[in-house]
Structures are given as structure tokens and as C-alpha cells.
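These notes concern the structure reproduced below.
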Amino acid sequence: MKIKPPEPFTFEGGGDRAVLLLHGFTGNSTDVRMMGRFLEKNGYTTHAPIYRGHGKELEALSDATPDQWWEDVQNGLQHLRDLGYEKIAVAGLSLGGVLGLKLAYCEKIQGIIPMCAPMFFDNEEQLKQGFRFKAKQYKQLEEKDEATIKKEMNELEEQSKDMFTQLGQFINEVHDHVDEIYTPVFVVQASKDEMINTESAPYIYETVESDHKDIKWYENSGHFITVDKEKDELQQDVLDFLNSLDWS
Numbered sequence: 001m002k003i004k005p006p007e008p009f010t011f012e013g014g015g016d017r018a019v020l021l022l023h024g025f026t027g028n029s030t031d032v033r034m035m036g037r038f039l040e041k042n043g044y045t046t047h048a049p050i051y052r053g054h055g056k057e058l059e060a061l062s063d064a065t066p067d068q069w070w071e072d073v074q075n076g077l078q079h080l081r082d083l084g085y086e087k088i089a090v091a092g093l094s095l096g097g098v099l100g101l102k103l104a105y106c107e108k109i110q111g112i113i114p115m116c117a118p119m120f121f122d123n124e125e126q127l128k129q130g131f132r133f134k135a136k137q138y139k140q141l142e143e144k145d146e147a148t149i150k151k152e153m154n155e156l157e158e159q160s161k162d163m164f165t166q167l168g169q170f171i172n173e174v175h176d177h178v179d180e181i182y183t184p185v186f187v188v189q190a191s192k193d194e195m196i197n198t199e200s201a202p203y204i205y206e207t208v209e210s211d212h213k214d215i216k217w218y219e220n221s222g223h224f225i226t227v228d229k230e231k232d233e234l235q236q237d238v239l240d241f242l243n244s245l246d247w248s
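Quick note: the sequence shown uses the UniProt record's numbering, first residue 1, plus one each step.
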């Protein structure tokens with residue numbers, strides 16, 4: 001069975017405001033597609049890149065690095081600038097939130113919305129479980145037999161060790177620079193998050209130096225909050241935050 005890979009998207013909202021939307025680890029642009037469409041309908045142009053190694057078989061991901069993902073995010077920001085947008089906000093899910101926080105202390109952006117963004121690399125086993133689940137799921141969609149899947153999964157686990165080490169180092173690096181953020185921040189956290197340490201959210205909220213900051217917990221959502229039960233409420237809250245920013 002041939003699997004159609006997801007693609008980056010750019011939805012033109014018709015105004016002069018833009019939002020860079022960043023997906024999570026092992027995810028792709030579909031993580032943030034519904035939010036992109038919602039913001040487009042409300043006048044915001046949105047762009048979601050896909051980081052290297054994502055959106056395809058997991059073997060490709062094990063060969064990628066956080067430094068490459070950081071480059072991909074910077075290129076996504078530049079894509080919006082090349083389209084003529086001078087003022088850009090950023091919203092990121094999970095790893096996308098971490099990458100967005102780095103943008104907030106490295107680039108001039110209008111605001112940052114980290115959603116279920118890990119600040120402590122104490123969830124390596126949960127990440128590896130999710131990694132293995134997605135890898136197996138993809139191989140099953142490719143209609144491989146169980147023996148082949150088991151062999152390839154063992155090889156993949158070995159290949160991905162360095163990538164997980166670098167991922168941990170990247171999260172720790174961003175953790176140590178959050179106090180350099182003065183950009184307006186809206187911290188989003190799912191109460192039923194099964195993937196990360198939820199203390200990450202108050203850490204971000206309390207550590208950023210922003211005068212304009214808020215935090216909200218979503219009681220009925222899990223880690224993939226952009227597609228969970230409270231996605232409509234989240235979309236409206238994100239829009240309200242964006243509308244509260246100074247775009248002049």
C-alpha cells in the first residue's frame with residue numbers, strides 16, 4: 001500500500017497578520033491543520049512546515065537532528081517573511097512549542113503560544129513508546145509481515161539512540177533560556193497529558209520575563225490538544241490571544 005505523505009501548508013488569510021504553526025515530535029502539519037484553517041477564516045495567514053525526517057517512515061526521523069528541525073523552523077519563519085509578512089506570531093505543539101520558545105528568544109516575533117511543550121527531558125520512555133507505536137503503525141499500513149516488522153523495529157531502536165540523546169540536549173538548552181523571553185506568551189497545557197511532565201507549563205509561565213502572559217489548563221484534553229475534545233475552545237482562546245497583541 002502506497003502511503004501519501006503529508007505536506008506543509010500555507011493558508012492565506014487576506015490580512016497582514018501571520019502565524020507560524022509548528023507540529024510535534026513524530027508528527028506533521030496535520031497536527032495543526034484545523035487550527036490553521038480556523039485562523040485563516042479569522043483573517044490570519046498561517047504556515048506549517050514539516051521538519052526533516054517527519055511525515056514519513058520513522059527510519060527517516062532517526063537520521064534527523066534537532067539542529068535540522070531548528071533550521072526548518074527558521075526557514076518556515078522566513079517563508080512568511082518572503083510572502084511579505086513583517087509581524088508573525090508562533091504557536092507550537094509539544095516539540096513545536098519548544099522550537100517556538102527558542103524562536104521567541106532568538107528572533108523578533110509578536111507572540112508565542114507553547115502548547116503542551118516539554119521543559120524537562122524526563123519523559124524519554126514515553127517518547128520512545130510513542131515512537132515505536134507510530135513506527136509499527138506505519139509498517140502495518142505498508143502491509144509488512146510481523147517478522148519483518150519486528151526485525152525493522154529492533155534496527156530502528158538502535159539507530160535512533162543518538163537522536164533521542166540530542167533531543168534531550170535540545171530541550172534542556174531551551175529550558176535554560178526561557179528567562180530571556182520578553183515576547184507575549186499564552187501557555188497552553190492539557191490536564192490529561194500523558195506524554196510530558198505537566199510542570200513544564202507553570203515553569204514556562206513563571207520563568208518568562210513577559211509582561212503580557214497567560215496560562216490555561218484544559219481539563220478534558222490529552223497531549224495532542226489541537227485535535228482533542230477541547231480543540232474548538234483552544235482555537236477560540238488562541239484567536240483571542242492573537243487579537244490581544246499589538247500588531248500596529
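Ideal Cβ placement from N, Cα and C applies to all residues, glycine included.
In this text, all values refer to a predicted model and were calculated from it rather than measured experimentally.
Asked: Counted within 10 angstroms of its Cβ, other Cβ atoms place Gln236 as buried (16 or more) or exposed; Found: exposed
Asked: Segment limits, alpha helix (DSSP H) that includes Met163; Found: Lys161 to His175
Asked: Beta-bridge pairing of Leu39 - partner residues as DSSP gives them; Found: For Leu39, which the question treats as bridged, DSSP gives no partner whatsoever.
Asked: Buried versus exposed call for Asp162 [16 or more other C-beta atoms within 10 Å across all chains shown]; Found: exposed
Asked: Anticipated Cβ contact below 8 angstroms, Ser94 with His223, distance rounded; Found: 7 angstroms
Asked: According to DSSP, residues forming a beta bridge with Met115; Found: Leu93 and Val188
Asked: Any 3 or more C-beta pairs closer than 8 angstroms across the stretch 51-59 and the stretch 78-92; Found: no
Asked: Rounded C-alpha distance that separates Asn243 from Ile225; Found: 21 angstroms
Asked: Cβ pair Gly110, Leu21 closer than 8 angstroms; Found: Contrary to the premise, residue 110 reads as Gln rather than Gly in this sequence. Their beta carbons are not under 8 angstroms apart, which means Gln110 does not touch Leu21 by this criterion.
Asked: Rounded distance between the beta-carbons of Ile171 and Pro118, thought under 8 angstroms; Found: 6 angstroms
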